[in-house]
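Residue numbers (this note's numbering), protein chains in the order written: chain A, 1 to 209; chain B, 1 to 209.
Shown next, in structure tokens, is the structure this report addresses.
Below, the structure written as structure tokens:
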């Protein structure tokens with residue numbers, strides 16, 4: 001089994017943190033997105049979608065999309081449960097993870113992918129001949145600001161994102177907020193519950209993965 | 001329990017088909033997105049994200065995002081398994097469902113949301129004051145065309161989207177392709193494997209849900 005990974009991007013980081021929380025070691029191969037290594041013929045032969053992370057099983061099966069890779073490991077190594085235990089928890093964890101992906105990660109990606117010259121003509125992960133759309137950076141910035149407030153509201157009511165237990169929703173949110181910071185939309189300092197939660201997340205051993 | 005639903009949109013349809021395949025009946029409330037009923041104060045009190053579908057449990061818990069709602073029902077009613085049985089199947093089903101959401105549903109939504117006057121200033125589901133970006137309709141059209149080819153390639157090799165078994169990836173793909181048709185990007189008639197699969201999907205009782 002091999003995990004195609006890139007240490008400089010937020011989505012592969014979600015998988016690394018997930019594996020660290022599970023205590024599972026997987027062989028990784030670094031593919032530098034900034035240097036367009038994911039668009040090389042060599043990597044296209046691995047996964048024609050050309051996205052990172054991609055997991056290749058020993059029988060050659062390719063699983064891409066960060067949370068799909070996490071689902072594979074959740075089923076293979078059920079403890080600790082990171083997608084929720086009860087039906088309600090499972091629904092809430094998935095709901096929050098998806099909210100955070102759309103309202104956070106997607107918005108930060110809109111900013112960097114449509115603004116940074118590195119991504120000229122590849123404004124969508126895995127695509128070439130896909131021009132940047134400057135208005136999307138504005139949509140992304142607005143989206144991120146609203147996202148931080150909503151996350152803070154939730155964390156004022158709840159110890160972890162999806163309730164009383166740490167889950168993949170926290171992993172996704174941590175990567176989303178750090179990604180938002182990275183693209184230049186800082187978290188306002190008055191959002192105290194969010195700041196407190198970020199400190200708790202950063203203190204976990206897995207945050208270094 | 002109540003499912004806030006809209007019979008005219010592709011995402012709520014995914015949940016209805018899923019429930020039909022499970023044989024589960026749930027009380028539904030229609031919220032007309034075209035008429036902006038999801039943006040009303042009444043619905044905002046139900047779910048501040050203002051998106052459809054939304055599931056409200058008897059204890060008041062709100063679960064939104066189509067596949068999060070499906071996850072709740074998968075855990076509550078495990079048979080038949082629609083998210084895969086083994087770890088590999090679970091990873092593949094989630095991977096395909098997400099590919100189809102991004103490469104199909106999101107692209108079709110880009111077209112209609114950034115082109116149709118109904119969605120002026122609400123180009124993203126649940127948001128107001130979000131102007132349309134005409135270039136996104138072009139990105140969406142190109143994306144859909146590439147998506148159809150990729151889906152056809154997969155269906156030339158595999159009876160169902162994610163392998164030998166019907167799954168939520170088929171439900172998502174059926175809604176994505178119908179949505180693509182609906183926004184005016186037709187499936188090319190030479191994609192025979194895709195056409196054959198569509199016929200098989202349409203023949204299932206659940207397709208009428």
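Ideal Cβ placement from N, Cα and C applies to all residues, glycine included.
Neighbourhood of residue i by C-beta, 6 Å cutoff - its chain only, sequence neighbours within 5 removed
i: residue 28 of chain B; result: 3, 5
i: residue 58 of chain A; result: 1
i: residue 51 of chain A; result: 64, 125, 126
i: residue 197 of chain B; result: 155
i: residue 112 of chain A; result: 183
Chain-order list of residues whose beta-carbon lies under 8 Å from that of residue i (same chain, five-residue window excluded)
i: residue 128 of chain B; result: 39, 121, 122
i: residue 62 of chain A; result: 46, 47, 54, 55, 56
i: residue 105 of chain B; result: 10, 11, 172, 175, 176, 179
i: residue 146 of chain B; result: 103
i: residue 133 of chain B; result: 114, 123
i: residue 118 of chain B; result: 34
i: residue 37 of chain B; result: 31, 43
i: residue 195 of chain B; result: 187, 189
i: residue 158 of chain A; result: 164
i: residue 41 of chain B; result: none
Contacting residues, own chain, Cβ-Cβ under 7 Å from residue i (five flanking each side not counted)
i: residue 188 of chain A; result: 148
i: residue 210 of chain B; result: Because chain B here runs from 1 to 209, residue 210 of chain B falls outside it and cannot be looked at.
i: residue 201 of chain B; result: 170, 174, 207
i: residue 193 of chain B; result: 152, 155, 156
i: residue 18 of chain B; result: 70, 73, 82, 168, 171
i: residue 199 of chain A; result: none
Inter-residue CB distance, residue i and residue j (contact presumed, cutoff 8 Å)
i: residue 170 of chain A; j: residue 160 of chain A; result: 5 Å
i: residue 270 of chain A; j: residue 65 of chain B; result: Limits of chain A in this structure are 1 at one end and 209 at the other, which puts residue 270 of chain A out of reach.
i: residue 43 of chain B; j: residue 8 of chain B; result: Contact flag wrong, Cβ pair sits at about 16 Å.
i: residue 206 of chain A; j: residue 20 of chain A; result: 4 Å
i: residue 126 of chain A; j: residue 49 of chain A; result: 5 Å
i: residue 22 of chain A; j: residue 77 of chain A; result: 5 Å
i: residue 151 of chain A; j: residue 110 of chain A; result: Wrong, their Cβ atoms sit about 18 Å apart, outside the cutoff.
i: residue 139 of chain B; j: residue 130 of chain A; result: 7 Å
i: residue 97 of chain B; j: residue 67 of chain B; result: 6 Å
i: residue 185 of chain A; j: residue 144 of chain A; result: 4 Å
i: residue 203 of chain B; j: residue 16 of chain B; result: Between residue 16 of chain B and residue 203 of chain B the Cβ distance is about 17 Å, and since that is not below 8 Å, they are no contact.
i: residue 26 of chain B; j: residue 1 of chain B; result: 6 Å
i: residue 108 of chain A; j: residue 183 of chain A; result: 5 Å
For residue i, the residue or residues it bridges with in DSSP
i: residue 54 of chain B; result: B:4, B:64
i: residue 122 of chain B; result: B:130
i: residue 28 of chain A; result: A:3
i: residue 163 of chain B; result: B:160
Any chain D beta carbon closer than 7 Å to residue i
i: residue 79 of chain A; result: Absence of chain D from the displayed structure is noted, the protein chains being A and B.
heavy atom of the ligand COA below 6 Å from residue i C-beta
i: residue 93 of chain B; result: The model on display carries no ligand, and the ligand COA is accordingly not part of it.
In the region 62–75 of chain A, which residues sit with their C-beta less than 7 Å from some C-beta in chain B, listed in chain order?
63, 64, 65, 67, 68, 69, 71, 72, 75
For the 8 Å Cβ check, are there 3 or more pairs between the region 86–94 of chain B and the region 69–76 of chain A?
Under the 8 Å Cβ criterion, the region 86–94 of chain B counts as touching the region 69–76 of chain A, having at least three qualifying pairs.
Could you name the residues of the region 173–206 of chain B whose beta carbon sits closer than 9 Å to any beta carbon of chain A, in the order they occur along the chain?
For the region 173–206 of chain B, no residue has a beta-carbon sitting nearer than 9 Å to a beta-carbon of chain A.
Looking at chain A, which residues of the region 25–56 of chain B have a Cβ within less than 9 Å of any of its Cβ atoms?
48, 49, 55
Name, going along the chain, the residues of the region 140–174 of chain A whose beta-carbon falls closer than 7 Å to a beta-carbon of chain B.
none
Using a Cβ-Cβ cut-off of less than 7 Å, list which residues of the region 117–128 of chain A approach chain B; keep chain order.
none
Taking any Cβ of chain B, which residues in the region 89–104 of chain A have a Cβ under 9 Å from it, in chain order?
89, 90, 91, 92, 93, 94, 95, 96, 97, 98, 99, 102, 103
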